[in-house]
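Working notes for the structure below.
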Amino acid sequence: MEPLVRYNGKWFKILPKPFEPERLTFEVAWMKIKNGTGYPQWFKKERNISKIVYNE
């Protein structure tokens, strides 16, 4: 059974892609539900994290 989440009274089914880790799937799904965009924001956040970690 696919995970279901509820946001503002609506139910959403999260369908992970076979190659994605669970953390990526849930973060992208929540960004899509809240803001309408997911992957661009997720990759921007990951780039910011890597800049901090690797001091680029």
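Start counting at 1 in the sequence shown, then tack on 19, and there's your number in the working numbering.
Think of the CB as a built atom: it goes at the ideal place given N, C-alpha and C, for glycine as much as any other residue.
Counting along the chain, where does the alpha helix (DSSP H) carrying residue i start and finish?
i: Phe64; result: Reading the sequence as shown, one finds Lys at residue 64 and not Phe. Per DSSP, Lys64 belongs to the alpha helix (DSSP H) from Tyr58 to Tyr73.
In terms of residues, what are the limits of the beta strand (DSSP E) holding residue i?
i: Lys32; result: Lys29 to Lys32
Opposite residue i in the DSSP bridges: which residues?
i: Leu23; result: Lys32
To the nearest angstrom, report how far apart residue i and residue j are at their CA atoms.
i: Ile52; j: Lys63; result: 17 Å
i: Phe78; j: Lys70; result: For the chain, the structure presents residues 20 to 75; residue 78 sits outside this window and is missing.
i: Asn54; j: Leu34; result: 18 Å
i: Val24; j: Arg66; result: 27 Å
i: Trp49; j: Ile68; result: 19 Å
i: Gly57; j: Leu43; result: 10 Å
i: Lys36; j: Val47; result: 11 Å
Which word fits residue i, buried or exposed, when buried means at least 16 other C-beta atoms lie within 10 angstroms of its C-beta?
i: Val72; result: exposed
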